[in-house]
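Asker: To start, I am sharing the structure in question, which I have written as structure tokens.
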DNA sequence: GCCAACGTTGGC
DNA sequence: GCCAACGTTGGC
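Numbering (my numbering), first residue to last: 18 to 302.
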């Protein structure tokens with residue numbers, strides 16, 4: 018995310034998380050509490066911490082039925098465009114690896130700044146929900162994540178696109194429909210706090226098709242692990258990718274450039290962490 | 001169900 | 001800001 022994720026396509030079940038799309042009329046979910054804070058507007062784009070929001074505003078949590086399947090994956094329309102997801106082959110350790118993109122520079126999406134960098138993640142004290150994923154393939158990858166999996170944190174849409182750190186999946190997918198609060202600029206020189214969710218038309222990731230009863234988008238919660246002293250740039254990744262027979266020849270994020278949440282094979286993970294070590298970073302693992 | 005138009009992502 | 005890639009939409 019940033020979880021902005023990008024959009025990917027794919028199918029599978031609903032999870033939740035709103036992002037953009039058409040409009041639906043919002044229902045009561047959007048509670049709006051107004052407080053004028055002089056604070057600054059919300060920060061992270063894609064993700065937003067639910068916890069934080071919840072406390073700020075205790076709003077509808079009532080429904081959250083998250084129980085409903087997390088598994089359904091495909092409802093036809095959702096599954097039609099599938100991304101080629103390489104089937105996940107179990108790794109020797111049983112742990113899976115991923116690469117998740119976020120935008121470290123400010124960018125406004127539906128009136129909301131989506132910026133989210135490795136430093137922003139590092140500053141979090143609580144598990145961070147990775148939200149904003151609005152493409153099925155990416156969402157499917159989120160749903161395939163298991164607690165304990167590791168992921169590279171990638172900075173996209175910035176001067177030097179690169180893998181800049183690592184994080185751990187600490188909570189498997191859940192609907193993105195939890196109430197989350199965001200601050201929106203108000204004409205009166207203050208900010209309005211709204212409960213944001215996929216079902217709120219004013220939310221940056223609003224998606225009219227995501228119904229509370231059947232969450233379409235999901236989030237996973239991640240925890241910061243480390244920030245690289247020396248990022249592994251997209252440029253380097255591409256050089257490997259285009260080298261015949263290279264370990265990164267089939268790396269998903271390079272084949273599907275627009276996929277914001279991609280799978281990293283064990284071999285790719287080892288190769289890349291090896292590069293990081295050569296660069297002088299200590300990779301805990 | 002096909003496909004052209006359109007929109008978005010994201011590197012450059 | 002441009003543009004290529006690619007997903008989505010919507011008419012037929």
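Using N, Cα and C, we set each Cβ at its ideal position, and we do this for glycine too.
So the beta strand (DSSP E) residue 183 belongs to, where does it begin and stop?
Answerer: 179 to 192
Asker: Can you grab the Cα-Cα spacing for the pair residue 77 / residue 263, in whole Å?
Answerer: In this prediction, residue 77 has a pLDDT of 33, which is less than 50 and means its spatial position is unreliable; nothing more can be read from the coordinates.
Asker: Am I right that residue 235 and residue 172 are in contact with their C-beta atoms under 8 angstroms? What's the rounded C-beta distance?
Answerer: Contact doesn't hold; Cβ gap of about 23 angstroms is too wide.
Asker: Per the contact definition of three or more C-beta pairs closer than 8 angstroms, is the stretch 251 to 267 in contact with the stretch 126 to 141?
Answerer: With contact defined as three or more Cβ pairs closer than 8 angstroms, the stretch 126 to 141 and the stretch 251 to 267 are not in contact.
Asker: Which of the three DSSP states is assigned to residue 124 in this structure?
Answerer: coil
Asker: With a CB to CB cut of under 6 angstroms and the five nearest residues on each side skipped, what residues in its chain are close to residue 174?
Answerer: Its chain contains 120 as the residues whose beta carbon lies nearer than 6 angstroms to that of residue 174, once the 5 sequence neighbours on both sides are disregarded; these appear in chain order.
Asker: Determine the contact status of residue 185 and residue 233, defining contact as a CB-CB distance below 7 angstroms.
Answerer: no
Asker: Can you look up residue 211 in the DSSP assignment and give me helix, strand or coil?
Answerer: Below a pLDDT of 50, predicted positions are generally treated as unreliable, and residue 211, at 40, falls in that range; the measurement from the model is reported next regardless. Residue 211: strand per DSSP, three-state reduction.
Asker: Evaluate residue 118 with the Cβ neighbour count: other Cβ atoms within 10 Å of its Cβ, from every protein chain shown; 16 or more gives buried, anything less gives exposed.
Answerer: So residue 118 counts as buried.
Asker: Checking the sheet assignment: what are the DSSP bridge partners for residue 299?
Answerer: DSSP lists no partner for residue 299.
Asker: Run through the stretch 123 to 166 for me and flag every whole alpha helix (DSSP H) of 4 or more residues, listed as ranges in chain order.
Answerer: If we require 4 residues or more, the alpha helix (DSSP H) runs fully inside the stretch 123 to 166 come out as 135 to 139 and 153 to 161.
Asker: Within 10 Å of its beta-carbon, does residue 125 have 16 or more other beta-carbons around it, so buried, or fewer, so exposed?
Answerer: Result: exposed.
Asker: Specify, as a first and last residue, the run of the alpha helix (DSSP H) that residue 258 falls within.
Answerer: Start and end: 251 to 258.
Asker: Residue 352 and residue 159 look like a contact to me (Cβ under 8 angstroms); what is the Cβ gap, rounded to whole Å?
Answerer: Absent from the structure is residue 352, since the part of the chain shown begins at 18 and ends at 302.
Asker: Name, in chain order, the residues that DSSP records as bridge partners for residue 118.
Answerer: According to DSSP, residue 118 bridges with 171.
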